[in-house]
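> Count along the sequence shown from 1, add 15, and you get the number used in my numbering.
Ideal Cβ positions, reconstructed from N, Cα and C, are used throughout, including at glycine.
In this text, all values refer to a predicted model and were calculated from it rather than measured experimentally.
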Amino acid sequence: MTGIRYLASLWIVVITLNGFVFCGEVSFVERLEGESVLVPCHMEPRGSLRPFGLYLRRSWLRPTEVFFKYTQNDAFVNESFRDRATVSGDPSDHAVNVTISQLRAADTDRYICEFMVEIVGSVDEKIQGSTETFLHVTAGEPPFSHSISLSLLPTQTIR
């Protein structure tokens with residue numbers, strides 16, 4: 016089984032075991048060590064709520080925060096991604112693109128975006144972006160060199 020298909024199958028097993036439901040775009044991406052990947056972060060506008068910040072998190076194999084970007088400021092980047100993560104766009108525009116370069120096998124993981132919105136008189140809310148990226152980084156030549164995208168609609172539940 017190719018690496019990307021294995022990763023997709025493993026992800027489906029994780030969803031099945033956890034009862035996880037996600038509505039949005041899921042991209043399965045395979046890259047070689049040393050290459051780069053673009054991780055898109057998008058959020059559907061919700062009324063007058065404008066995001067003031069964005070987290071990019073690894074959330075599966077090595078759960079950790081990759082960075083936090085506050086509107087119109089530089090991103091605060093995790094030490095292991097410093098000098099490898101480039102952020103373009105602004106969270107207040109509901110879209111940010113993150114490029115991770117000089118990929119390492121240890122970067123293999125599920126990457127999710129969480130937009131921060133201010134709720135007056137309450138605790139700020141984290142809203143998961145409408146895209147997820149499953150990244151598989153290999154040391155050798157990848158058996159499958161294309162990305163696979165999966166769109167899940169709000170009415171679909173994977174069990």
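What does the Cβ neighbour count give for I115, buried or exposed, with the cut at 16 atoms within 10 Å?
Residue 115 sits at position 100 when you count from the first residue of the sequence shown. Buried: at least 16 other Cβ atoms inside 10 Å.
> Whose C-alpha, out of E45, V41 and E40, is nearest the C-alpha of G155?
Numbered from 1 along the sequence shown, position 140 holds the residue referred to as residue 155. Residue E45 is the option with its Cα nearest to G155.
> What is the DSSP secondary structure of E45, counted as helix, strand or coil?
One-based indexing of the sequence shown puts residue 45 at position 30. It is a strand residue.
> Can you list, in chain order, the residues of its chain with a C-beta nearer than 6 angstroms to that of D89? Leave out the 5 residues immediately preceding and following it.
Here residue 89 refers to the residue found at position 74 of the sequence shown. Closer than 6 angstroms at the Cβ level, and outside the excluded window around D89, lies no residue.
> So what does DSSP say about P78, is it helix, strand or coil?
By 1-based counting over the sequence shown, the position of residue 78 is 63. The answer is coil: DSSP assigns P78 none of H, G, I, E or B.
> Apart from the five residues on each side of it in sequence, which residues of its chain come closer than 8 angstroms, Cβ to Cβ, to P78?
For the purposes of this step, residue 78 is identified with residue 63 of the sequence shown, where counting begins at 1. Excluding positions up to five away in sequence, the list reads R72.
> CB R125 to CB F149, shorter than 7 angstroms?
One-based indexing of the sequence shown puts residue 125 at position 110. One-based indexing of the sequence shown puts residue 149 at position 134. Yes.
> Within a Cβ cutoff of 8 angstroms, which residues of the same chain sit near L53, ignoring the five residues on either side of it in sequence?
As a first step, residue 53 is located in the sequence shown; it is residue number 38 there, counting from the start. Excluding residues within five positions, the ones whose Cβ falls inside 8 angstroms are N112, V113 and T114.
> State the DSSP-derived secondary structure class of D124, mapped to helix, strand or coil.
The residue labelled residue 124 in the question sits at position 109 within the sequence shown. Residue state, collapsed to three classes: strand.
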